[in-house]
Each structure stands twice: as C-alpha cells, then as structure tokens.
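**Q** Chains as they are written, first to last, in the working numbering: chain A, 7 to 297; chain B, 49 to 369; chain C, 426 to 817.
Yeah, the Cβ is synthetic: ideal placement off N, Cα and C, and Gly gets one too.
In this text, all values refer to a predicted model and were calculated from it rather than measured experimentally.
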Amino acid sequence: MLFQLLIDSFSLGSFYALIALGFSLIFGVTHTFNLAHGELILLSGYLAYVLGKYFSIPFLFTLPICMLALVFVAMLLHQLLRQVKEPFELNSLVVTFGLALVLQNAMLFFFSANYRLIHVPPVPPLELPNLHLFITQTQFILVGLSLLVTGSIYLLWRKTFLGKALRATIQDREAARLAGINVEHMSLMAFILGGMLIGLAGPLYAQREYLHPFGGMEATLIGVIITIFAGVGRIRGILLGGWILGGVESVTVFFLGANWRELVSALVLIMLIVVRPAGVLSKRAKSERWR
Amino acid sequence: MNKPGHPSFLILAVTFALIAWAAFLTGSGIHYRVLGMACFYGALALSWNIFALTGAISLGHAAFFGLGAYGSALFCQYWHWSPYITIFLGGTVGCIYGFLWHLTFRKLRGAAFALATLASVEIPKVTIDNWDRLTSGSLGLVGIARLPPVNLGSITFDVDENLQAQCFFLLMFALVVIYIHFKAMSSKWGWAIRSVREDEIAASTIGVDVPGIRLRALCVSAYLTGLCGAVYAHLMGSIEPALVFSLHFSALPLVLSIFGGRYQALGPFLGALILYPADQLLFHSWFPAGHAAFYGLVMVITILFFPHGIGEWVQQKTKSA
Amino acid sequence: MVRSLGRLAIVLLYMTLQAAVVFADAIRIGEVNPLTGKLAKHGLEIHEGILAAVEEVNARGGIKGSMVELVSRDDQSLPEVAINQTEELLYRVKVIGLVGGYVDALVGPISELAAKHRTPYVASASLQRSLTEGRQNPYFFRVSQLDGVAKPLCDFVIEMIHPKTAAILYAATPGSTEFGHDVEACLRNAGVTIPIVEKFRPGTLDFSSFLLKVRQSQPDILISGGFYPDHLILVRHLREQKIPLPIYLAPWGVAYASFIEEMGEASEGLFGLCAWNPGITLPGTEKESELFVERFTRRFSKPPNTTTMHGYTSARALLAAVDKTLQSGQELSGDRISQQLRSLDLILPMEHLAFNQNGDPKHYDQVVVQIQKGKLVVVYPPNRATGKIMEH
C-alpha cells in the first residue's frame with residue numbers, strides 16, 4: 007500500500023509542478039504576479055476540449071496546438087503588462103486580478119456554466135499484484151511529462167545562451183542589463199516559454215480534472231504556492247516542491263483523513279519556508295529583501 | 049503643499065459630505081446598506097494597509113478576520129456577553145494570531161512572507177472546521193446574536209434592524225480606523241514605519257527598532273482586522289469556516305488599497321467607497337450576470353492609467369489646482 | 426457550441442434587459458441566485474426554470490391581465506451580496522415575492538430579509554433543517570428539504586442493497602455535512618459497519634489517497650455526498666485505478682443528462698437521486714411533464730433537469746398564490762400571498778406541492794435512479810420503479 011501511496015504522490019506532485027512551471031517562469035523573469043494563471047490554463051483546456059470534441063483531434067495532438075495558441079495569448083498579455091507602471095509587482099497583481107474576472111465571464115459566455123472534461127481512450131492500468139500496485143496511464147504521462155519538461159528547461163537553462171540570459175535576468179535585472187542582455191527581450195521570451203508551459207498544462211488539467219469558467223483559482227494557487235516554495239526561478243525546485251506538496255497531501259489524507267489535508271500541508275509549507283525562505287533547494291538560509 | 053500622508057482637502061470634503069448624507073438623507077434602505085458595507089470594507093482595507101505600510105504584503109489577513117468572527121461569535125454563544133464586548137475579544141484573538149505570525153515569520157520578507165501568510169490561514173480554518181464540539185465544524189454557526197440597539201439620550205440606534213443606524217455605526221467604525229491609519233502615516237510611529245518600508249537596514253542604523261515597529265503595526269492591523277471579522281459575524285448572523293477564512297477577505301483589502309492608493313491616508317477607504325457601491329448598485333443591475341467582467345475591466349483600466357491608485361491622482365489634481 | 430453560444434447570448438441578453446424592460450402595471454417577482462462563481466451551473470438552471478414558469482404564465486395573458494416581470498440578481502455565492510441584492514429587490518424594485526436561491530448559507534439571510542419586509546419567499550433549493558424548524562418564519566416556504574433526500578437514500582440502501590459495510594464521503598459544506606451525519610446515523614442504526622467516514626473540502630483536485638483507503642477496506646457501497654464536479658473527478662479516478670466498488674451512490678450531481686453526456690461510459694452503473702427528470706415524473710403528470718420538456722427544450726435549446734424543475738416548481742407555487750389572491754378580488758400584498766401559499770395544493774410534475782406550518786413541503790420525496798445504457802432508470806421506491814438494479 008505504501009508503494010501505491012508513493013506512486014500517487016509522485017503523480018500528483020508532477021501534476022502540480024506542470025501547473026506551476028508557467029507561473030514560475032513568468033514571475034521569475036518579469037516579476038509579474040499573474041493572478042489570471044488559472045484562467046489561462048482553463049483557456050488552453052477549453053481549446054483542447056473544442057479541438058477534441060468538434061474536430062476529433064486526438065488528445066496528444068491537441069497539446070502542441072494548445073501550446074502554440076497560448077504562446078500568442080501570453081504575448082498579448084505581455085503587451086498589456088508592458089503598459090503597467092511602477093510599482094510593477096503589486097500593480098500587475100491587480101491588473102491580472104481584473105483580467106481574471108474578465109476571462110471568467112468570457113468563458114462563461116462562450117462555454118456556459120456546464121462542466122466539461124476531456125476523455126482519453128481508457129487503457130488498463132499497469133498492475134503489479136505482488137506489490138499491490140496500480141499505475142495508470144495518466145500517472146505515467148504526468149510523471150513522464152514533468153520529468154521531460156523539467157529536463158528540457160534545465161537543459162535550456164544550463165546549456166544555451168538564452169538560458170543563461172534568462173537566469174541572469176532572474177537573479178538581478180539591473181546587472182543583466184549592464185552585462186548587455188536585452189532585458190525586454192528576456193521578458194518576451196519568458197512569456198513565450200511560460201505560454202507554452204501553460205498551454206501544455208491546460209489539456210492535462212481538463213483530462214484529469216474538469217473545465218469550469220470559475221475553476222481557475224485552484225490552479226493559480228498551486229502556481230503561487232509551488233513557485234514561492236521552490237524559490238523563484240528555480241526549475242528543479244519546482245518539481246521537487248511539487249513532489250513534496252503532493253507527498254504531504256497524499257500521506258495526510260491516507261493516514262489522517264481528507265479533512266486534515268490543508269492543515270498539514272500548510273504546516274509543512276510554513277516550516278520549510280521559515281527554514282529555507284529562498285526556496286527549497288537554495289543553499290543559503292538567508293531571507294531576500296523586499297523590493 | 050500637503051504633508052505626506054495628509055489627505056487633500058478635496059478628499060476630506062467628500063468624506064464629510066458622505067457622512068452628512070448618511071446621517072440626514074432619507075434615502076432608500078438599500079443605499080444605506082451599501083454605503084454601510086462600503087465603509088466596512090474601507091475599514092478592512094485600511095486595517096490591512098496599516099501592516100502593508102511597513103512594506104510587508106500579507107496574503108493571509110483572512111486568518112485574523114475569521115478568528116475575530118469566530119472568537120466573538122463563540123464568546124457570545126458560550127458566555128452570553130453582549131456583542132459590543134465580544135467584538136473586542138474577537139479582535140484580541142486576531143491580535144494574538146498576529147503575534148504568532150511575528151514569532152514565526154519574523155525573518156521572512158517578500159514572496160516568502162506572502163506565501164507563509166497565505167498558508168497560515170489554513171491552520172485556524174481547518175481546526176475550526178474539524179472541531180465539531182466547539183464550533184459546530186462545517187455546519188457553521190447560526191443564530192449569532194445581532195448587535196443590540198444603542199441608546200444615546202432620546203435616540204435609539206437599532207443597528208441591526210434600521211439600515212440607516214447600521215450605516216451610521218459602520219461609518220463611525222470606519223472613522224476610528226481611518227484615524228488609526230492616519231496615525232500610522234503621520235506621527236512619530238508613522239515616520240518609523242515609513243523608514244522601515246523604505247530601507248530596513250538603514251532604519252535600524254539610525255536607531256529604529258525595526259522588529260518592534262513591525263510587531264506593533266502587525267498587531268494593530270491584526271486586531272482591527274479581527275474586529276472587522278467580529279462585526280461581520282454579528283451583522284450576518286451566521287458564519288461558516290469557508291466563508292470567513294476565504295481568500296475573498298485576504299484579496300479584497302489588497303485590491304481596494306492598491307486601487308485607492310496605498311500611501312494615502314484615505315486611499316484604501318476611497319477605493320472601497322468607489323468600487324463597492326458601484327459594483328453592488330450599478331454593475332449588478334446593469335449586468336446581472338456579467339457584472340464581474342465590468343468590475344475587472346474597471347480595475348485593469350484604472351491601474352493602467354493611475355498606477356498609484358485613484359487617491360494619488362486626486363491628490364495630484366488638487367495640488368496642482 | 427455555436428448553439429450554446431447563441432443560447433447563452435439569449436439568456437444573458439434577456440437578463441441584461443430585465444432591468445430595462447418594464448411592463449405597465451406589471452407584477453414583479455424577484456430572484457437571487459448564484460449566476461457566477463462555483464455554483465453558477467445550478468444557479469443558472471434554477472434561473473431558467475423560474476423564467477420558464479414566468480413565460481408560461483405570460484404566454485397565457487398574464488395573471489388577470491397583468492404581465493409578470495422577473496427581476497434577476499446575482500449573489501456571487503456570497504451571503505452578504507445575497508443580502509445586498511435582496512434588499513435592492515425589496516426596497517428599490519419593490520417585488521411582491523421572491524423565488525430562487527441555491528445554497529442554505531444564502532437562502533437563510535434572504536429568508537430573514539423577506540420576513541422583515543413581509544414578502545413571501547419560496548426557496549427553490551433549500552435543504553437544511555435549521556431554516557424551518559423552530560424558526561417560525563411565516564413568509565418562508567421551500568419546495569425541497571433534506572429529509573426528502575436522506576430518507577429515500579437510506580431506505581433504498583437498507584431495503585435493496587443490504588450492505589455489510591459502507592463508506593461515506595461528504596463535503597465540508599453545511600448541507601453536505603448535515604446529510605453525512607444523517608446517513609451515518611441511519612445506517613449505523615440499521616447495523617451497517619462504516620469503516621470510512623471522510624470529509625473533504627470542495628475544490629479538492631485529487632482523491633487518490635481516499636480511494637486507496639476504499640480499496641483497502643473494500644466497502645459494499647460508497648455514498649458520495651460531494652457535488653457534480655467532485656463526481657467528475659472521483660468516478661474517473663475510480664474507474665481508472667480499477668477500484669473494486671460494487672455501488673457508487675450520490676444524492677447530488679449524478680442524475681443529470683449532462684453528467685451522463687460528459688462522463689460517457691464511465692457513468693454506467695452509478696446510482697443517484699433526483700426529484701424529477703424528463704421521463705421521471707409524479708404519476709399522473711406525465712402529459713404535463715412532457716409538454717414542459719418540449720417547451721423548455723425549444724426555448725433554451727437544451728433539456729431541463731431536476732435543478733431546473735426545482736426553480737420551475739417554486740415559481741409555479743408563488744405565481745399560483747398570486748393568481749389566487751387576485752382571483753379572490755383582493756389587492757396584492759405580502760401577507761395575502763403568504764396566506765394563499767399556506768393553503769396551496771398543486772399537483773406538479775416534481776411533487777404534490779403543499780406546505781406544512783413550518784414552510785416545508787409535505788410530499789417531497791426523491792427517487793433513486795441508476796444510469797443504465799446512458800439513461801436514467803428509476804430503481805426505488807418500488808411504486809415508481811421503471812427497472813431493476815443492474816449489476817455492474
């Protein structure tokens with residue numbers, strides 16, 4: 007049974023990480039606190055739903071289409087946010103808050119308040135009777151994708167100049183500018199990459215959960231929590247943070263009951279944040295200055 | 049030339065006009081109700097902003113709100129004291145939790161602090177939700193005692209039944225919070241807060257007790273937020289954990305403060321006074337189903353054109369006049 | 426999707442125009458529902474049901490020559506907004522009656538305001554006991570109550586399933602919690618062992634660990650007191666992970682055509698409860714029910730469901746009371762309409778509608794259905810059954 011719990015934790019954690027990656031990238035590079043993150047994921051999900059239902063496009067093919075579409079949407083968002091003046095972080099929070107409300111009502115108008123979801127042709131789970139393990143197709147995909155995506159971004163981060171430039175912008179915007187990096191281009195890149203990640207998360211969300219115009223807040227919260235928990239801009243930390251959160255939740259529900267889930271998660275989160283304010287994988291336990 | 053934080057004359061005049069209107073106009077009940085609630089949210093936004101003035105953006109003030117609401121309601125239920133006493137006890141419960149925040153989150157800043165405060169709402173929320181014996185858990189508390197009428201000489205203020213009296217009560221409440229907020233901007237304490245916000249290290253170099261200032265601001269803010277929560281509980285008559293600990297009460301003060309102007313004495317109050325009645329009276333009746341989109345649009349456009357909030361813009365307009 | 430776009434456009438446009446359309450000498454009734462937010466699906470369904478009833482009356486020429494005007498407001502699922510909007514309806518718009526409302530946290534405050542203003546309020550979807558017992562609000566009526574859900578469910582489980590063990594899952598909302606407690610007590614009384622009683626918070630995205638516990642303890646039946654979206658997640662995870670579970674019974678959210686449509690194969694064999702559905706109606710009202718379904722589908726481009734019918738029934742009750750008041754030659758007033766409501770006796774597709782002195786419906790009993798081959802089949806009570814329980 008404990009093995010099953012482990013698999014469930016990894017799967018859930020991977021799911022959380024995939025949701026949070028887009029938010030983390032955008033927040034890290036541009037300091038945009040995008041409260042419309044969940045709504046953007048839903049938008050991507052709705053697109054995948056429409057593609058699947060009315061154009062009979064298989065689920066896996068909807069992923070790249072949604073990623074592309076959300077790149078456009080993210081670029082539009084970037085244009086809007088360029089008009090936002092200082093103080094940027096707080097103002098971007100309020101602007102995206104307002105944007106989220108607009109998006110919710112737009113989705114209500116176009117897709118009605120009915121719940122929608124995406125079906126993937128059912129595949130029997132992988133059974134390991136000796137270990138009492140059932141690994142479902144969804145779990146495979148989630149864990150696999152999260153590792154793949156995290157790995158790809160990590161490669162981008164470490165092995166390319168773009169990655170280096172992005173990292174520099176995250177660490178210190180001014181210094182990056184002085185070093186000759188076009189910081190505005192980096193912001194655009196962050197939105198493009200972030201848009202891709204959000205586009206990827208959308209269909210997965212629609213398949214594992216459901217689509218509802220007002221269901222974006224959960225995804226936004228996950229994005230916020232895991233981003234800050236992992237340390238802003240730390241990609242591997244996102245995956246680890248997701249796994250930790252998924253693990254804590256699963257273990258709590260199993261041993262204590264679903265009604266204690268949020269409490270234990272909050273306690274663990276607070277403990278880890280206090281010990282490592284700069285993120286779960288950071289080396290120093292120094293707190294960062296509020297700008 | 050206005051001293052920083054001093055509200056411009058125009059804003060003061062508008063505020064007094066509103067007070068006079070509330071006191072003497074025999075308007076429809078709904079206007080009193082909405083104005084009263086706008087004052088309530090103004091007070092809530094101001095309470096949040098008192099702590100935000102130290103530079104710390106909290107996403108977890110709903111914890112104080114909920115603790116205040118439940119604290120007051122439970123004291124009322126078990127000890128049968130008058131709500132006018134228990135609301136202060138509710139505020140105290142909020143304040144105690146604020147003190148716990150200080151002990152635990154003292155070294156945190158910025159995003160880490162925001163996340164920790166956000167997580168900290170779950171602790172009292174889940175505890176109350178599961179403690180069936182004490183709080184009825186998920187069923188929530190119903191039949192909470194309402195605010196009893198107040199007799200001042202020959203006039204009776206039936207705060208619960210009479211909407212005009214309720215509006216007046218909430219207006220007075222807001223004025224008290226406005227005063228405290230004003231003090232948090234323009235007094236010796238206010239200057240210390242400002243120095244902490246601008247540069248903590250420099251502030252401590254010139255002798256400002258940075259942790260002490262933050263603690264004081266946090267406790268005042270937590271107390272007032274808890275007080276708001278308690279008043280809310282007695283106004284509504286029934287509460288449940290999902291309601292009083294909801295993100296709504298953490299996010300709205302933040303949004304209203306930024307909309308109205310964080311560094312204005314009346315900024316957050318102004319934000320509430322403009323947005324809340326507009327939303328409840330105008331947007332709801334123009335677009336019964338789409339009002340939130342309009343609300344969001346107003347927010348986006350306002351911040352794009354007035355990045356420091358409406359209050360700052362009004363201040364500038366009257367300064368240059 | 427273009428159809429739903431058009432349909433929604435019509436609904437929204439109509440509602441936007443509500444404030445602008447004023448009939449001379451109109452009879453105004455008001456409704457406050459969650460039109461946005463998490464409860465929007467059911468809030469809108471209740472609204473459509475009420476609208477259908479109002480339009481039906483107006484198509485017949487109104488009540489004694491006067492048209493009925495429906496003024497709608499959104500409560501955003503917040504009690505305080507419900508209060509604001511109700512007050513707007515009572516004070517500014519001056520409605521003579523209120524209908525609608527979805528969750529008891531919202532219905533409660535509205536009912537109190539209605540009483541203060543001496544305006545009758547017929548709630549469409551209120552369940553909890555505390556709203557009627559001991560409160561003696563002579564202006565509050567409702568067409569549903571929790572006993573009409575919990576009792577048939579419990580009777581069905583004990584009489585037709587006879588499980589040895591049962592698992593209960595419920596949501597951390599007042600209505601679902603009360604239901605959870607009721608069902609647990611009732612089953613324990615009947616000698617059923619209950620290894621799992623679990624409470625979860627709405628908005629939970631994952632039930633894997635809970636399902637692991639279910640797999641471990643192997644109950645004969647899982648009673649799931651969550652709501653529509655929760656079942657969407659829970660049932661799919663259940664099927665995906667091949668959790669051995671003979672019976673999945675859910676009072677809310679399952680007995681919907683849209684649920685069957687969205688879930689497809691995965692919904693086969695699930696048990697739910699409903700007060701009405703197309704084809705499942707009070708004996709004797711088949712013709713009226715069919716006509717209603719036909720008219721509704723033409724008007725809204727989609728079939729009505731049990732939630733829609735709750736809205737429709739409550740509006741019918743209020744309008745019937747208004748009609749009786751005017752027929753007796755009296756002028757409309759809150760007190761007179763409430764009096765007529767108290768003596769109301771209507772046979773409607775959803776129930777034989779009559780209120781007791783607390784405002785509760787006297788004959789509200791839901792039926793248990795099972796999804797068989799994509800259709801809802803009534804399996805309990807025996808006098809309403811249209812089929813037998815299908816082994817899954």
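Is there contact between the region 220-232 of chain B and the region 287-302 of chain B, where contact requires at least three CB pairs shorter than 8 Å?
**A** As far as the Cβ criterion goes, the region 220-232 of chain B does not touch the region 287-302 of chain B, which means the pair count is below three.
**Q** Per DSSP, what are the beta-bridge partners of T590(C) in this structure?
**A** Looking up residue 590(C) in the third sequence gives position 165. In the DSSP output, where bridge partners are listed per residue, T590(C) has T618(C).
**Q** Taking the DSSP output, what are the residues bridged to T204(B)?
**A** The sequence position of residue 204(B) within the second sequence is 156, counting from 1. According to DSSP, which records beta bridges pairwise, T204(B) is partnered with N199(B).
**Q** For I685(C), which residues in the same chain have their Cβ closer than 7 Å to its Cβ, ignoring the five residues on either side in sequence?
**A** The count along the third sequence starts at 1 and reaches residue 685(C) at position 260. Hits under 7 Å: S692, I796, G799.
**Q** For a contact defined as C-beta to C-beta under 8 Å, what are the partners of L156(B) on chain A?
**A** In the second sequence, the residue the question calls residue 156(B) occupies position 108. Those are I279, V280, P283, S293, listed as they occur along chain A.
**Q** Are the C-beta of D607(C) and some C-beta of chain B separated by less than 7 Å?
**A** Counting from one through the third sequence, the residue named residue 607(C) turns up at place 182. So no, D607(C) is outside the interface.
**Q** Which residue comes first and which comes last in the alpha helix (DSSP H) that contains I63(A)?
**A** Along the first sequence, read from residue 1 onward, the residue named residue 63(A) stands at position 57. Run containing I63(A): none; DSSP gives neither H nor E here.
**Q** What residues of chain B sit near Q510(C), judged by a beta carbon separation below 8 Å?
**A** The residue labelled residue 510(C) in the question sits at position 85 within the third sequence. Those are Q328, H332, listed as they occur along chain B.
**Q** Counting only beta-carbon atoms, is L287(A) nearer than 7 Å to chain B?
**A** As a first step, residue 287(A) must be located in the first sequence, where it is residue number 281. No, L287(A) does not count as interfacial toward chain B.
**Q** Sort Y737(C), A742(C), E711(C), N783(C) by Cα distance to G468(C) and report the nearest one.
**A** Taking the third sequence and counting its residues from 1, one reaches residue 468(C) at position 43. Taking only the C-alpha atoms, the option nearest G468(C) is Y737(C).
**Q** If you draw a straight line from the alpha carbon of D14(A) to that of Q666(C), how long is it in whole angstroms?
**A** On the first sequence, position 8 is the one that residue 14(A) refers to. On the third sequence, position 241 is the one that residue 666(C) refers to. Straight-line Cα distance between these residues: approximately 11 Å.
**Q** Out of G650(C), G694(C), N783(C), point me to the one whose CA is closest to S768(C)'s CA.
**A** The residue you call residue 768(C) lines up with position 343 of the third sequence. Closest option to S768(C), Cα to Cα, is N783(C).
**Q** Closer than 9 Å by beta-carbon distance: list the chain B residues that pair up with S633(C), in chain order.
**A** If you number the third sequence from 1, residue 633(C) lands on position 208. Going along chain B, no residue has its Cβ under 9 Å from S633(C), so there is no contact; the nearest lies around 20 Å.
**Q** Considering just the uninterrupted stretch of the beta strand (DSSP E) at Y546(C), what are its terminal residues?
**A** Locating residue 546(C) in the third sequence gives position 121, where the first residue counts as 1. Taken as a continuous stretch (DSSP letters only), the beta strand (DSSP E) holding Y546(C) covers 546-548.
**Q** Is there a Cβ of chain C sitting closer than 7 Å to that of E180(A), yes or no?
**A** Position 174 of the first sequence holds residue 180(A). Chain C, which has no Cβ nearer than 7 Å to the Cβ of E180(A), makes this no.
**Q** If we count Cβ pairs, one from each stretch, closer than 8 Å, do we get three or more for the region 323-340 of chain B versus the region 73-86 of chain A?
**A** No: the two stretches stay apart, fewer than three of their Cβ pairs being nearer than 8 Å.
**Q** Going along chain B, which residues have a C-beta under 8 Å from E45(A)?
**A** For this step, residue 45(A) is matched to residue 39 along the first sequence. In chain order: nothing, as chain B lies at least about 11 Å away.
**Q** What does the alpha-carbon distance come out to for the pair S714(C) and G487(C)?
**A** Within the third sequence, residue 714(C) is the residue found at index 289, counting from 1. Within the third sequence, residue 487(C) is the residue found at index 62, counting from 1. Each residue's alpha carbon lies about 21 Å from the other.
**Q** For T461(C) and D500(C), I'd like the C-alpha separation in whole angstroms.
**A** Counting from 1 along the third sequence, the entry for residue 461(C) is found at position 36. Counting from 1 along the third sequence, the entry for residue 500(C) is found at position 75. Going from the Cα of T461(C) to the Cα of D500(C) covers about 8 Å.
**Q** Taking 7 Å as the threshold (C-beta atoms), are L87(A) and T142(A) in contact?
**A** Walking along the first sequence from the start, residue 142(A) turns up at place 136. Walking along the first sequence from the start, residue 87(A) turns up at place 81. Contact: no.
**Q** Taking the alpha carbon of R809(C) as the point to measure from, which residue in I705(C), K712(C), Y516(C) has its own alpha carbon closest?
**A** Translated into the one-based positions of the third sequence, residue 809(C) becomes position 384. Nearest of I705(C), K712(C), Y516(C) to R809(C), Cα basis: I705(C).
**Q** Which class does I42(A) belong to by DSSP, given the choice of helix, strand or coil?
**A** Along the first sequence, one-based indexing puts residue 42(A) at 36. Checking the displayed sequence, the identity of residue 42(A) turns out to be Ala instead of Ile. Correct three-state label for A42(A): coil.
**Q** Any chance the CB of S186(B) is under 6 Å from a heavy atom of the ligand GTP?
**A** Among the components modelled here there is no ligand, and therefore nothing to report on the ligand GTP.
**Q** Tell me where the alpha helix (DSSP H) around Q765(C) begins and ends.
**A** Residue 765(C) sits at position 340 when you count from the first residue of the third sequence. It spans 759-767 - the alpha helix (DSSP H) in which Q765(C) sits, taken as one unbroken run.
**Q** Spatial neighbours of V446(C) within its chain, please: CB distance less than 6 Å, with the 5 preceding and 5 following residues excluded, ordered by chain position.
**A** By one-based count along the third sequence, residue 446(C) stands at place 21. Only weak support exists for where V446(C) lies, its pLDDT of 42 falling under 50; the coordinates are left without a value.
**Q** Would you mind stating whether Y121(A) and Y216(A) have Cβ atoms separated by less than 7 Å?
**A** Against the first sequence, residue 121(A) aligns to sequence position 115. Against the first sequence, residue 216(A) aligns to sequence position 210. Going by C-beta atoms, Y121(A) is nearer than 7 Å to Y216(A).
**Q** Terminal residues of the continuous beta strand (DSSP E) containing F335(B)?
**A** Within the second sequence, residue 335(B) is the residue found at index 287, counting from 1. Premise fails: F335(B) is in no beta strand (DSSP E) and is neither H nor E.
**Q** At 7 Å on the CB atoms, spell out the chain C contacts of A119(A), in chain order.
**A** Position 113 of the first sequence, counted from the start, is the residue given in the question as residue 119(A). Going along chain C in sequence order, the residues near A119(A) (Cβ under 7 Å) are A465, K466, L469.
**Q** Who are the near neighbours of L69(A) in its chain, counting only those whose CB is closer than 7 Å to its CB and skipping five residues on each side?
**A** As a working mapping, residue 69(A) is identified with position 63 in the first sequence. Same-chain partners within the cutoff: L206, P209.
**Q** Kindly list, in the order they appear in chain A, the residues whose Cβ is closer than 8 Å to that of S168(B).
**A** Your numbering for residue 168(B) matches position 120 in the second sequence. In chain order: A272, I276.
**Q** Using a Cβ-Cβ cut-off of 7 Å, state whether Y516(C) counts as contacting chain B.
**A** Numbered from its first residue, the third sequence carries residue 516(C) at position 91. Closer than 7 Å to some Cβ of chain B, the Cβ of Y516(C) qualifies, so yes.
**Q** Per DSSP, which one or two residues make a beta bridge with Q795(C)?
**A** Working through the third sequence from its first residue, we reach residue 795(C) at position 370. DSSP output for Q795(C) lists F696(C), V802(C) as bridge partner(s).
**Q** Could you tell me which residues DSSP puts in a beta bridge with Y595(C)?
**A** For this step, residue 595(C) is matched to residue 170 along the third sequence. DSSP output for Y595(C) lists K624(C), G650(C) as bridge partner(s).
**Q** Among L771(C), L495(C), I672(C), which residue has its Cα nearest to the Cα of K749(C)?
**A** Sequence index remark: in the third sequence, residue 749(C) carries index 324 (1-based). Of the candidates L771(C), L495(C), I672(C), the one whose C-alpha sits nearest the C-alpha of K749(C) is L771(C).
**Q** L48(A) CB to nearest chain B CB: under 7 Å?
**A** Against the first sequence, residue 48(A) aligns to sequence position 42. No - not a single Cβ of chain B is within 7 Å of the one on L48(A).
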